[in-house]
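Protein sequences appear in the order of chains U and Y. The first sequence begins at 156 in this note's numbering and counts up one residue at a time. The second sequence begins at 156 in this note's numbering and counts up one residue at a time. What follows is one structure encoded as structure tokens, with my remarks underneath.
Number of protein chains: 2
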Amino acid sequence: MTVDPNFLSALMILKLEGVFTLTGEERQALHDLPMRVVVLKTNQDIVHIGECPLQSFLVLEGFASSYKLTADGVRQIVALHIPGDAPDLQTLHLKRIDCSFASISPCKVGFFQLDDLRRICERHPRLSAAFWRETLVDASILREWVVNVGRRDAYTRVAHLLCEFLVRLKAVGLVENSAFDFPITQANLADATGISAVHMSRALKALREDGLIQTRRMHLAVPDWAKLVNAGDFDPFYLHLGVNAAAGFRPAPQPKAAAL
Amino acid sequence: MTVDPNFLSALMILKLEGVFTLTGEERQALHDLPMRVVVLKTNQDIVHIGECPLQSFLVLEGFASSYKLTADGVRQIVALHIPGDAPDLQTLHLKRIDCSFASISPCKVGFFQLDDLRRICERHPRLSAAFWRETLVDASILREWVVNVGRRDAYTRVAHLLCEFLVRLKAVGLVENSAFDFPITQANLADATGISAVHMSRALKALREDGLIQTRRMHLAVPDWAKLVNAGDFDPFYLHLGVNAAAGFRPAPQPKAAAL
DNA sequence: CGATTACTTGAATTCACTCAATGGCGGTGG
DNA sequence: CCACCGCCATTGAGTGAATTCAAGTAATCG
């Protein structure tokens, strides 16, 4: 995948189009957002907790994480970011960043000035709302992570994380035949699920032996989606994907919501 | 505490004032927000997951929770809400609610129409930004909860939750002499920390025996704040409280943030 | 090809869980 | 007023899931 200098906005636009149709003006505004592309190796810090940056970033290629450390130096990954994600939108309204960001695979990110984005938000209220919505979806994912880490056993937990990964990657077109590139170490997966790296190895082995996943190299395949969903107690609803993006993952058209 | 019919907006205003000073117009707009006060007993559902409500609510008195259930019916509380919180601002931009809300103590909540709030947001961009900020702080708390549940042992986890509770309650003036009303069952605390109710009992006992907390009836006192903070690996920064609100909790004025 | 990093496996341990029984408190009704 | 019931909290005993420690294998990179 080559990096078009405006690939940043292209990805952003793709994602927002999943929610509502942009006007030409809105698309243009995003397109004109100046940015600086940076290439990262694995495990490089992007922003560090406590900083007050003047810029924010978008993931273009590869994967990134948000993480925090406990007092005794144990790491917990609190979010995984895939191409198209803007992990750090909180900087728009919170001065100091409350978690660190790092690449967890070779990775390209695009930096943009917060002031530029603020200007866009002021001029285009619908875009502002769309970014707000993004941060709300992130919060929804965090809620599911609390459940995952708090109440599911390791096997289910890992299955759930892989389900989430697959659905999110599919939404940005990075899945082919229920398989995708997966250059993430077990240690990182362990930090994302709150288990030890050793136990992650065992959990993945169990999933493999049960025929729920196939791992070769840095590549992951899901032979039986329904089984993995079942094993992971997974319902993609919390991802709040547009109907288009979620096609193929919702077994049936979503039921009319219950009246209040 | 009696319920002034406009107590809702009063609380909302109080909280927002912690971030920036409202103009008279802004204050008036909040004050004029129509609302309906509802009194709840313990453990009553307020909004159920999957609904598409036309209204949202604010907690006036007592405590509420956001929770989700796993497939086998185990509950995980993903957020606790105290007076002044608007737990359900996500409805502004997400159609279907992705978690349930319930009272976890006797409780008063104020419902308002989303359309009314949307109108306020359109007319008062600074208020819109302030509400957005609120949701970002909620996300920050969720990140800390993932760390808490994922990487800390039960003892530390419970201490951390109690620290968070005390700081947040203090910010809305519900703490006196490091003590506060605490009408929350151990089962609920267990669901918030991802441990079993039995183990919660043991953890609280240990904290009591170590002199970190005192519990009598539905009341909790913290004799030695520094010790509890230490035991809970607690740093209030993630709460993003205004400087005023956090007074007395930050050991020193926050250091100039590191440059990017 | 040698060095480093990632993964796997086994064994012993520990933290937290379930199950089960008991005690305290508050409310309700005879 | 006291007896009873239900909810909540406590405690003990046994179990189990996940951890740490340790060793060894496979893969990757310069």
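Note that the Cβ used here is the ideal one computed from N, Cα and C, for glycine as well.
Inset, instruction - Kindly indicate if chain Y contains any beta-carbon less than 7 Å away from that of U:Gln231. - result: Sequence index remark: in the first sequence, residue 231 of chain U carries index 76 (1-based). Judged by the 7 Å Cβ criterion, U:Gln231 is in contact with chain Y.
Legend entry - Where Y:Leu215 falls: helix, strand or coil (DSSP): The residue given as residue 215 of chain Y occupies position 60 in the second sequence. If DSSP states are grouped into helix, strand and coil, Y:Leu215 belongs with the strands.
Inset, instruction - Measure the Cβ-Cβ separation of Y:Cys254 and Y:Ser211 and say whether it is below 7 Å. - result: Locating residue 254 of chain Y in the second sequence gives position 99, counting from the first residue. Locating residue 211 of chain Y in the second sequence gives position 56, counting from the first residue. Contact: no.
Legend entry - Inter-residue Cα distance where the pair is Y:His186 and Y:Asp270: As a working mapping, residue 186 of chain Y is identified with position 31 in the second sequence. As a working mapping, residue 270 of chain Y is identified with position 115 in the second sequence. So the alpha carbons of these two residues sit roughly 16 Å apart.
Legend entry - 8 Å contact criterion, which Y:Ala314 and Y:Leu383 should meet: CB distance rounded: Working through the second sequence from its first residue, we reach residue 314 of chain Y at position 159. Working through the second sequence from its first residue, we reach residue 383 of chain Y at position 228. Going by Cβ atoms, the distance from Y:Ala314 to Y:Leu383 rounds to 6 Å, so yes, they are a contact pair.
Inset, instruction - Please classify Y:Gln231: is it buried, with 16 or more other beta-carbons within 10 angstroms of its beta-carbon, or exposed? - result: Against the second sequence, residue 231 of chain Y aligns to sequence position 76. It counts as buried.
Legend entry - DSSP-derived helix/strand/coil call for Y:Gln199: Along the second sequence, read from residue 1 onward, the residue named residue 199 of chain Y stands at position 44. Three-state result, Y:Gln199: coil.
Inset, instruction - Just the C-alpha distance for Y:Ser356 and Y:Gln341, rounded to the nearest angstrom, thanks. - result: Translated into the one-based positions of the second sequence, residue 356 of chain Y becomes position 201. Translated into the one-based positions of the second sequence, residue 341 of chain Y becomes position 186. In a straight line, the C-alpha of Y:Ser356 is about 7 Å away from that of Y:Gln341.
Legend entry - Contacts that U:Asp270 makes with chain Y (C-beta to C-beta distance below 7 Å): The residue given as residue 270 of chain U occupies position 115 in the first sequence. What U:Asp270 touches in chain Y: nothing, since even the nearest Cβ is about 14 Å away.
Legend entry - Three-state secondary structure (DSSP) of Y:Thr178: The sequence position of residue 178 of chain Y within the second sequence is 23, counting from 1. In this structure, Y:Thr178 counts as coil in the three-state DSSP scheme.
Legend entry - Assigned exposure category for Y:Leu317 - 16 Cβ within 10 Å defines buried: Within the second sequence, numbered from 1, the residue matching residue 317 of chain Y stands at position 162. Per the 10 Å Cβ criterion, buried.
Legend entry - Y:Cys207 beta carbon less than 7 Å from that of Y:Arg274: For the purposes of this step, residue 274 of chain Y is identified with residue 119 of the second sequence, where counting begins at 1. For the purposes of this step, residue 207 of chain Y is identified with residue 52 of the second sequence, where counting begins at 1. No, they are not a contact pair.
Legend entry - Sequence-distant residues of the same chain with beta carbon closer than 8 Å to Y:Leu324, five excluded per side: The residue labelled residue 324 of chain Y in the question sits at position 169 within the second sequence. So the list reads Ile237, Val330, Phe335, once near-sequence residues are dropped.
Inset, instruction - Measuring only between beta-carbons, confirm whether Y:Asp253 sits less than 7 Å from chain U. - result: For the purposes of this step, residue 253 of chain Y is identified with residue 98 of the second sequence, where counting begins at 1. By this cut-off, Y:Asp253 is an interface position.
Legend entry - Contact the region 237-247 of chain U vs the region 273-291 of chain U: 3+ CB pairs below 8 Å: yes
Legend entry - Beta carbon of Y:Ala309 nearer than 7 Å to that of Y:Ile350: Stepping through the second sequence from its first residue, residue 309 of chain Y is reached at position 154. Stepping through the second sequence from its first residue, residue 350 of chain Y is reached at position 195. Contact: yes.
Legend entry - Supposed close pair U:Ile201, U:Ser258 - CB separation, criterion 8 Å: To locate residue 201 of chain U, count along the first sequence from 1; it is residue 46. To locate residue 258 of chain U, count along the first sequence from 1; it is residue 103. U:Ile201 to U:Ser258, Cβ: 7 Å. Contact.
Inset, instruction - Step through the CB atoms of chain Y and report whether any lies within less than 7 Å of the CB of U:Gly217. - result: Within the first sequence, residue 217 of chain U is the residue found at index 62, counting from 1. No, its Cβ sits nowhere closer than 7 Å to a Cβ of chain Y.
Legend entry - Per DSSP, the bridge partner or partners of U:Lys382: The residue given as residue 382 of chain U occupies position 227 in the first sequence. Paired residue(s): none; U:Lys382 is not in a bridge.
Legend entry - Inside the region 201-289 of chain Y only - alpha helix (DSSP H) runs reaching at least 4 residues: 269-278
Legend entry - Alpha carbon of Y:Ala165 to alpha carbon of Y:Asn332, nearest angstrom: Here residue 165 of chain Y refers to the residue found at position 10 of the second sequence. Here residue 332 of chain Y refers to the residue found at position 177 of the second sequence. About 24 Å.
Legend entry - 9 Å Cβ cut-off: residues of chain U touching Y:Lys223: The residue given as residue 223 of chain Y occupies position 68 in the second sequence. Those are Arg298, Glu299, Val301, Val302, Arg306, Tyr393, listed as they occur along chain U.
Legend entry - U:Leu249 versus U:Thr178 - alpha carbon distance: The residue you call residue 249 of chain U lines up with position 94 of the first sequence. The residue you call residue 178 of chain U lines up with position 23 of the first sequence. One C-alpha to the other measures close to 29 Å.
Legend entry - Best match in U:Glu299, U:Met190, U:Gly305 for proximity to U:Phe267 [C-alpha to C-alpha]: On the first sequence, residue 267 of chain U is found 112 positions in, with the first residue counted as 1. Measuring from the Cα of U:Phe267, the nearest candidate turns out to be U:Met190.
Legend entry - Cβ shell of Y:Val292 (< 8 Å), same chain only, five flanking positions each side left out: For this step, residue 292 of chain Y is matched to residue 137 along the second sequence. Leu394, His395.
Inset, instruction - May I ask you to report which of helix, strand or coil DSSP gives Y:His315? - result: Position 160 of the second sequence holds residue 315 of chain Y. In this structure, Y:His315 counts as helix in the three-state DSSP scheme.
Inset, instruction - Could you please give me the residues that DSSP links to U:Val194 through a beta bridge? - result: In the first sequence, the residue the question calls residue 194 of chain U occupies position 39. Paired residue(s): U:Lys263.
Inset, instruction - May I ask you to report which of helix, strand or coil DSSP gives Y:Asp293? - result: On the second sequence, residue 293 of chain Y is found 138 positions in, with the first residue counted as 1. In this structure, Y:Asp293 counts as helix in the three-state DSSP scheme.
Legend entry - Span of the beta strand (DSSP E), counted from its first residue to its last, around Y:Asp336: Position 181 of the second sequence holds residue 336 of chain Y. 334-336 is the extent of the beta strand (DSSP E) around Y:Asp336.
Inset, instruction - Note down, in chain order, each residue of its chain lying with its Cβ closer than 8 Å to the Cβ of Y:Leu209, except the 5 sequence neighbours on either side. - result: Sequence index remark: in the second sequence, residue 209 of chain Y carries index 54 (1-based). Excluding sequence neighbours, Y:Leu209 sits near Gln268, Leu269, Asp270.
Inset, instruction - List the whole-angstrom C-beta distance separating Y:Val304 from U:Val229, where the pair is believed to meet the contact cut-off of C-beta under 8 Å. - result: Start at 1 with the first residue of the second sequence, and residue 304 of chain Y comes out as number 149. Start at 1 with the first residue of the first sequence, and residue 229 of chain U comes out as number 74. Not a contact, Cβ separation roughly 13 Å.
Inset, instruction - Please list the partners that U:Leu291 has in chain Y, where partner means a Cβ-to-Cβ separation under 7 Å. - result: Taking the first sequence and counting its residues from 1, the one referred to as residue 291 of chain U is at position 136. Gln245, His248, Leu249, Thr290, listed in chain order.
Inset, instruction - Scan the region 334-355 of chain Y for residues whose Cβ lies nearer than 7 Å to a Cβ of chain U and list them as they occur along the chain. - result: Gly349
Inset, instruction - Round the Cβ separation of Y:Pro261 and Y:Val322 to the nearest angstrom and send it over; I've been treating them as touching at under 8 Å. - result: Taking the first residue of the second sequence as 1, we reach residue 261 of chain Y at position 106. Taking the first residue of the second sequence as 1, we reach residue 322 of chain Y at position 167. Not really, about 23 Å apart at Cβ, beyond 8 Å.
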